[in-house]
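Residue numbers (the working numbering): 3 to 505.
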């Protein structure tokens with residue numbers, strides 16, 4: 003009898019556990035003619051398919067699985083891959099029944115038969131949609147005849163925005179502790195409402211900024227991966243680093259470390275953010291921000307803190323190799339020395355046999371057979387004496403170079419007219435000496451015109467010259483002050499450097 007009772011208890015427990023596991027999302031969609039639909043979810047900066055229903059009958063769509071859905075914002079997506087509406091899933095909505103109708107009123111008619119909070123969320127969506135519609139209607143009806151009309155419309159827009167903000171704040175307070183409150187918290191802006199006056203009598207913009215930055219991430223739980231399963235988190239993160247953090251590589255590096263420290267190391271959120279930072283700053287178009295990429299690699303990849311981000315270890319090693327390659331080229335680093343041959347000495351190098359060598363072994367033999375003579379011919383970058391050295395790598399046959407080199411010549415001449423102590427160390431990246439000499443003569447390039455005649459430098463690797471032209475600006479100590487710039491920016495940048503030095 004006792005054994006039977008225990009068995010029954012165990013059986014009921016198993017049935018209860020089964021009932022609590024898994025998910026079942028039932029959607030009754032009037033006038034739906036699709037034969038299939040998708041259940042998708044947001045994850046960081048992507049939308050992914052979680053489930054597919056291929057048995058739609060009379061508009062009834064069912065998504066069902068044995069394991070619970072991860073908390074986040076999900077979408078019903080049509081057969082035509084169009085998002086029909088969003089809803090949220092948390093621990094209390096794994097079994098969810100929704101209903102609506104296809105058409106313009108799909109969101110307006112959307113209801114959940116078994117979740118009050120889900121309905122509150124739908125009411126929120128409808129309120130926002132209604133406010134936006136009312137403002138657009140007002141805007142279309144308003145004739146802007148003068149500045150007064152424009153200011154009046156702007157004030158009306160501010161009223162609508164304040165109304166929405168108040169509604170959202172109230173919604174978050176009423177639903178505090180819930181997933182949907184956390185999601186909408188990401189969407190709301192933390193703005194200082196009562197702005198004090200600065201010493202000049204105007205609103206204190208610095209105080210506004212400090213408040214905004216300090217409270218930007220209020221109530222955001224980075225230890226919960228659910229915080230990224232919505233359409234707001236990724237945009238909020240990008241905005242923080244693009245517009246809130248001071249635009250300087252050191253400031254950005256500090257903030258990356260601070261944000262990642264808030265997460266659980268090795269969590270999915272940690273991995274996706276780290277991967278995002280790695281890609282963003284490796285490919286950044288802002289000069290000098292490759293320093294952030296190097297910081298990320300040194301701090302996380304080289305220490306093992308990036309384990310698991312990429313399945314392929316070869317990818318990790320490529321990232322580390324890339325950082326090691328550009329580290330000596332960071333703004334503020336002393337430029338690596340180059341030992342080149344003057345373009346005028348091309349005939350001498352050709353006579354020695356350098357142009358006829360077919361492989362590295364033959365090249366080495368030619369070099370050592372003429373090493374004493376070659377040593378007298380080096381033109382070192384480090385030996386150039388100037389307040390500013392413009393280091394340019396280019397190719398005579400490069401179409402872009404043919405546009406940029408004349409611009410660089412104009413910039414150089416302009417700087418000379420302004421009595422700037424500047425020189426150009428011009429590196430031809432090929433070995434067709436006759437062609438190089440002809441271009442120099444035809445275009446009257448009064449520069450230090452050199453090329454790697456002894457095949458000694460491997461400038462492609464040393465200066466990361468994967469395309470041409472590439473222009474660097476070095477100061478009198480050969481410290482890199484600017485790099486990978488357009489020729490028409492050279493004059494402006496040198497003048498900016500001089501102003502900075504005067505401070």
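Glycine included, C-beta positions come from ideal geometry on N, C-alpha and C.
Keep in mind that this is a model prediction, so the values were computed, not measured.
For residue j and residue i, the rounded distance between their alpha carbons
i           : j           : result
residue 354 : residue 371 : 9 Å
residue 154 : residue 86  : 36 Å
residue 320 : residue 327 : 10 Å
residue 68  : residue 91  : 15 Å
residue 18  : residue 292 : Legend: pLDDT at residue 18 = 43, less than 50; position of this residue unreliable, value from coordinates given subsequently. Roughly 55 Å separates the two Cα atoms.
residue 295 : residue 286 : 9 Å
residue 365 : residue 351 : 12 Å
residue 499 : residue 289 : 14 Å
residue 244 : residue 97  : 40 Å
residue 493 : residue 423 : 12 Å
residue 491 : residue 497 : 10 Å
residue 160 : residue 414 : 51 Å
residue 489 : residue 473 : 7 Å
residue 80  : residue 126 : 23 Å
residue 301 : residue 269 : 17 Å
residue 264 : residue 219 : 11 Å
residue 335 : residue 427 : 18 Å
residue 108 : residue 139 : 21 Å
residue 479 : residue 277 : 36 Å
residue 501 : residue 267 : 44 Å
residue 217 : residue 446 : 59 Å
residue 15  : residue 51  : Confidence at residue 15 is low in this model, with a pLDDT of 41, below 50, so the placement of that residue is unreliable and no value is reported for it.
residue 228 : residue 113 : 23 Å
residue 156 : residue 314 : 53 Å
Among the options, nearest to residue i - alpha-carbon criterion
i           : options            : result
residue 543 : 129, 474, 302, 24  : Here the chain has residues from 3 to 505 only, and residue 543 is not among them.
residue 441 : 400, 472, 469, 414 : 400
residue 123 : 136, 169, 79, 263  : 169
residue 425 : 388, 205, 457      : 388
residue 259 : 195, 411, 166, 280 : 280
residue 459 : 449, 380, 481      : 380
residue 120 : 145, 89, 110       : 89
residue 103 : 60, 383, 313       : 60
residue 297 : 332, 99, 309       : 332
residue 53  : 47, 305, 66, 44    : 66
residue 235 : 75, 71, 488        : 75
residue 398 : 470, 239, 164, 242 : 470
residue 133 : 220, 468, 165, 64  : 165
residue 207 : 217, 194, 218      : 194
residue 212 : 229, 246, 176, 335 : 246
residue 223 : 250, 186, 241      : 186
residue 40  : 83, 32, 30         : 83
residue 368 : 63, 455, 44        : 455
residue 421 : 390, 251, 433, 25  : 390
residue 37  : 377, 56, 384       : 56
residue 199 : 210, 190, 189      : 210
residue 461 : 429, 485, 476      : 429
residue 465 : 449, 383, 505, 192 : 383
Which residues DSSP lists as bridging residue i, in chain order
i           : result
residue 45  : 48
residue 235 : Note: residue 235 sits in no beta bridge, so no partner.
residue 456 : BP columns for residue 456 are empty, so no partner.
residue 476 : 391, 482
residue 30  : 62, 101
residue 400 : Residue 400 pairs with nothing; no bridge assigned.
residue 199 : 205
residue 54  : 40
For residue i, the first and last residue of its enclosing beta strand (DSSP E)
i           : result
residue 468 : No beta strand (DSSP E) holds residue 468; DSSP gives it neither H nor E.
residue 76  : 74-79
residue 88  : 85-91
residue 382 : 380-382
Span of the alpha helix (DSSP H) around residue i
i           : result
residue 184 : 181-189
residue 284 : 270-284
residue 395 : Not the alpha helix (DSSP H): residue 395 falls in the beta strand (DSSP E), residues 390-396.
residue 302 : Where residue 302 is concerned, there is no enclosing alpha helix (DSSP H), given that its DSSP letter is neither H nor E.
residue 291 : It is not in any alpha helix (DSSP H) - residue 291 carries neither H nor E in the DSSP assignment.
residue 497 : 492-504
residue 246 : Here residue 246 belongs to no alpha helix (DSSP H), and DSSP marks it neither H nor E.
residue 69  : Per DSSP, residue 69 belongs to no alpha helix (DSSP H) and is neither H nor E.
residue 23  : Careful: residue 23 lies outside any alpha helix (DSSP H) and carries neither H nor E.
residue 207 : 207-217
residue 376 : 373-377
Residue i: CB within 7 Å of a non-hydrogen atom of the ligand SAH
i           : result
residue 467 : As for the ligand SAH, it is missing from this structure, which has no ligand bound.
Report task. Tell me the start and end of each unbroken alpha helix (DSSP H) in the stretch 96-172 that is at least 4 residues and wholly inside, in chain order. Result -> Within the stretch 96-172, the complete alpha helix (DSSP H) runs of at least 4 residues fall at 118-143.
Requested in this report: Pick out the complete alpha helix (DSSP H) segments inside the stretch 328-361, 4 residues or longer, and give them in chain order.
Outcome: 348-354
**Report entry** Contained beta strand (DSSP E) runs [length at least 3] in the stretch 404-466, N- to C-terminal order
**Finding:** Complete beta strand (DSSP E) runs here, min 3: 424-430, 450-453.
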